[in-house]
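Structure first, commentary second.
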Amino acid sequence: MRHLLSVTDLDAASAIGLLDTADRLKQALLGREVRKLPTLRGRTVVTMFYENSTRTRVSFEVAGKWMSADTINVAASGSSVGKGESLRDTAATLAAIGADCIVVRHPASGAAHRMAHWAERDAATGAVGPTGPGSSTSVVNAGDGTHEHPTQALLDAATVRDRLGGIAGRRIGIVGDVLHSRVARSNVFLLATLGAEVVLVAPPTLLPVGVAAWPCRVGDALEDELPGLDAVMMLRVQAERMHGAFLPSAREYAVRYGLSERRAALLPDHAVVLHPGPMVRGMEIAPAVADAASSAVLAQVQNGVHVRMAVLYHLLAGAAA
Amino acid sequence: MAIDRRGDPRRTAAPDRELLSAADVTRTVARIAHQIIEKTTFGPDNPDDLVIVGIPTGGAVLASRLAVAIAEFTGVAPVVGTVDPTLYRDDLRRGPARPLGDTALPDGGLDDRLVVLVDDVLFSGRTVRAALDALGEHGRPRAVQLAVLVDRGHRELPIRADYVGKNVPTAQGESIVVLLVETDGRDGVALRRAAESAGPGS
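Here it is in structure tokens:
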């Protein structure tokens, strides 16, 4: 594995390999006073975030540090991006400084893919790379526009596997703003690869064009789907990406698509409630549901660290390919 | 099946030479169990001191067998754990990312206890070195001893075993194949003459 750009690059075996590695890393750190592994000593990981983030950026940083990589955080504000530097030049600069891996979040769909392409081309033409000419930087997509967020899907899969004992054959609902959600897109494809049955429940205005070609079913009313779900993932309504009238009102959305206590009671007893965060309590999820025992929100965050360690391990621990 | 990682067994032409039969493996495990009891004074009077820690996958299987044997001879079962050395290896950069094994150490921790580390084959000593580093991160044992089913020589580090099932002189290109019922369906140890030798040591 060279880069992690999209979950569609992962087959079931490699996805399960990543989840197993994450489990083992969790084991290796369990109950230890010193949470530090020497595995990535001398490797440099740069997180480059052009959009706001708490959990993804911090958990990548923690993941790198726990494996002894040097992790450096570059925010778009406060860097030369503010002076007008292009993504291309910023990426080449970070590679020349010595970044073995760039973890990038960008508002434009496909940004990570472009960066990986440039990194490969630069390596092929002998441009300055992290460890000299011809070496290439690995790129990890930490969210590109409305396209993909592969590590989120992996950590969701890890959480579902932990809680339900498996993914294949389970029915998992994804509810809310599917149109703007890279989390939903990555989850649909990864969960389908792992053999789950995925059901989308969303206002018609918030379903993407072409959803019929996705490996999932578009469900009916939330109430009708909930009793049959093993897990339900509530999506945040992405107000910052909505530049049109997608919803009549926030109030109406909460009433029709929010996971209220009454609706959560329709779920089977074993069902898990997931939310990629950040939660808008009272909008897509009721506070009592977010804090209930069935809620795996904080388990997701914790699994996020181990999954990102696994990704960095697979990208950086072995010989440069 | 545990094969030390030098040489690719799939390219072999020469047949394997049996070193230990299934009965020999059982006998050897019993003998090592007796030696551990004798050397560590483990028993009903001293049941908490000893922790048997296996290196996945072969060593982990042998560790549980040793624990069963020790329990049979003394009436008390020692604590068993596993420690995966992969994250501490010095040759990670020499190949693609290796899959990780299980790590499960006892709840009581390792501090001030006697750890017997168990592996199937002792070769370069690098795996044991990595396992010692991993153990050190989990606590400070009173002492660490090493038990191996087969010592095939060719040490690259100053490491020796306290308990050895069988010493086998080998050539660098050969490999030792350890089969265990739990993972391979039958017990046995064989010497395999690999056609070519390549790759990092075990």
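Protein chains in written order, with this note's numbering: chain Z, 1045 to 1365; chain S, 132 to 333.
Glycine included, each C-beta is placed from N, C-alpha and C at the ideal position.
Asked: Cutoff 8 Å: tyrosine 1094 (chain Z) Cβ touching any chain S Cβ; Found: no
Asked: Chain Z contact residues for leucine 266 (chain S), given Cβ-Cβ distances below 9 Å; Found: Within 9 Å Cβ-Cβ: nothing; leucine 266 (chain S) doesn't reach chain Z, min ~11 Å.
Asked: Min CB distance glycine 232 (chain S) to chain Z below 8 Å; Found: yes
Asked: Contacts that aspartate 304 (chain S) makes with chain Z (C-beta to C-beta distance below 8 Å); Found: A small correction: the amino acid at residue 304 (chain S) is glycine; aspartate does not occupy that position in the sequence shown. Chain Z residues near glycine 304 (chain S): none, gap ~22 Å exceeds 8 Å.
Asked: Contact under 8 Å by Cβ, threonine 1088 (chain Z) with proline 1174 (chain Z); Found: yes
Asked: Contacts around arginine 1149 (chain Z), its chain only, beta-carbon distance under 7 Å, and the 5 residues preceding and following it disregarded; Found: Phe1093, Tyr1094, Glu1095, Ser1097, Thr1100, Ala1186, Gly1187
Asked: Neighbouring residues, chain S, relative to alanine 1072 (chain Z) (Cβ below 7 Å); Found: Asp215, Leu218, Thr234
Asked: Proximal residues of chain Z, C-beta to C-beta of glycine 226 (chain S) below 9 Å; Found: Gly1362, Ala1363
Asked: Within-8 Å CB hit, tyrosine 1357 (chain Z) to chain S; Found: yes
Asked: Proximity below 8 Å, CB of isoleucine 1218 (chain Z) to CB of valine 1242 (chain Z); Found: yes
Asked: For valine 1253 (chain Z) and valine 1262 (chain Z), believed in contact at Cβ under 8 Å, the rounded distance; Found: Going by Cβ atoms, the distance from valine 1262 (chain Z) to valine 1253 (chain Z) rounds to 13 Å, so no, they are not a contact pair.
Asked: Leucine 223 (chain S): contacting residues in chain Z (beta-carbon distance under 8 Å); Found: Thr1083, Ala1361, Gly1362
Asked: Validate contact between the stretch 1166 to 1183 of chain Z and the stretch 1314 to 1333 of chain Z using beta carbons, cut 8 Å, 3 pairs; Found: no
Asked: Assigned exposure category for lysine 1127 (chain Z) - 16 Cβ within 10 Å defines buried; Found: exposed
Asked: Nearest neighbour of valine 337 (chain S), chosen from S:Ala191, S:Val214, S:Leu181 [CA to CA]; Found: Residue 337 (chain S) is absent from the structure shown; chain S starts at 132 and stops at 333.
Asked: Beta carbon of leucine 1198 (chain Z) nearer than 8 Å to that of leucine 1062 (chain Z); Found: yes
Asked: Residues, ordered as in the chain, of the stretch 282 to 293 of chain S that lie near chain C by beta-carbon distance below 8 Å; Found: No chain C appears in this structure, whose protein chains are Z and S.
Asked: Any chain S beta carbon closer than 8 Å to alanine 1212 (chain Z); Found: no
Asked: Short Cβ contact (8 Å threshold) for glycine 1189 (chain Z) with arginine 1226 (chain Z); Found: yes
Asked: Arginine 1207 (chain Z) vs valine 1281 (chain Z) beta-carbon contact at 8 Å; Found: no
Asked: Three or more C-beta pairs below 8 Å linking the stretch 245 to 253 of chain S and the stretch 270 to 288 of chain S; Found: yes
Asked: Rounded separation between glutamine 84 (chain S) and leucine 231 (chain S) - CA only; Found: Residue numbering for chain S in the displayed model covers 132 to 333; residue 84 (chain S) lies beyond these limits and cannot be assessed.
Asked: Histidine 165 (chain S) at chain Z interface by Cβ criterion, 8 Å; Found: no
Asked: Counted within 10 angstroms of its Cβ, other Cβ atoms place histidine 1350 (chain Z) as buried (16 or more) or exposed; Found: buried
Asked: Sequence-distant residues of the same chain with beta carbon closer than 6 Å to alanine 1066 (chain Z), five excluded per side; Found: Ala1202, His1350, Val1351, Ala1354
Asked: Residues that arginine 1068 (chain Z) contacts on chain S, provided the C-beta gap is smaller than 8 Å; Found: Asp215, Leu231, Gly232, Asp233, Thr234
Asked: Beta-carbon proximity check, leucine 1359 (chain Z) vs methionine 1111 (chain Z), cutoff 8 Å; Found: no
Asked: Three-state secondary structure (DSSP) of proline 140 (chain S); Found: Residue confidence for proline 140 (chain S) is low, a pLDDT of 49 falling below 50, so the modelled location carries little weight; the figure read from the coordinates is stated next. Helix.
Asked: Distance between glycine 226 (chain S) and alanine 329 (chain S) (C-alpha atoms, nearest Å); Found: Bear in mind that a pLDDT of 45 at alanine 329 (chain S), under 50, signals an unreliable position, so the model cannot answer this.
Asked: Ordered list of beta strand (DSSP E) runs contained in the stretch 1099 to 1143 of chain Z, each at least 3 residues; Found: 1114 to 1119
Asked: Sequence ranges, alpha helix (DSSP H) only - wholly within the stretch 146 to 202 of chain S, length at least 4; Found: 153 to 171
Asked: Rounded straight-line distance, which links the Cα of tryptophan 1162 (chain Z) to that of alanine 1365 (chain Z); Found: Unreliable placement is indicated for alanine 1365 (chain Z), whose pLDDT of 49 sits below 50; no coordinate value is reported for it.
Asked: Valine 1078 (chain Z) at chain S interface by Cβ criterion, 8 Å; Found: yes
Asked: DSSP three-state assignment for glutamate 1267 (chain Z), whether helix, strand or coil; Found: helix
Asked: Amino acids of chain S, ordered along the chain, whose beta-carbon sits closer than 8 Å to that of glycine 1217 (chain Z); Found: The premise fails here: glycine 1217 (chain Z) is roughly 32 Å from chain S at the closest Cβ pair, so nothing lies under 8 Å.
Asked: Contact under 8 Å by Cβ, leucine 236 (chain S) with glycine 212 (chain S); Found: yes
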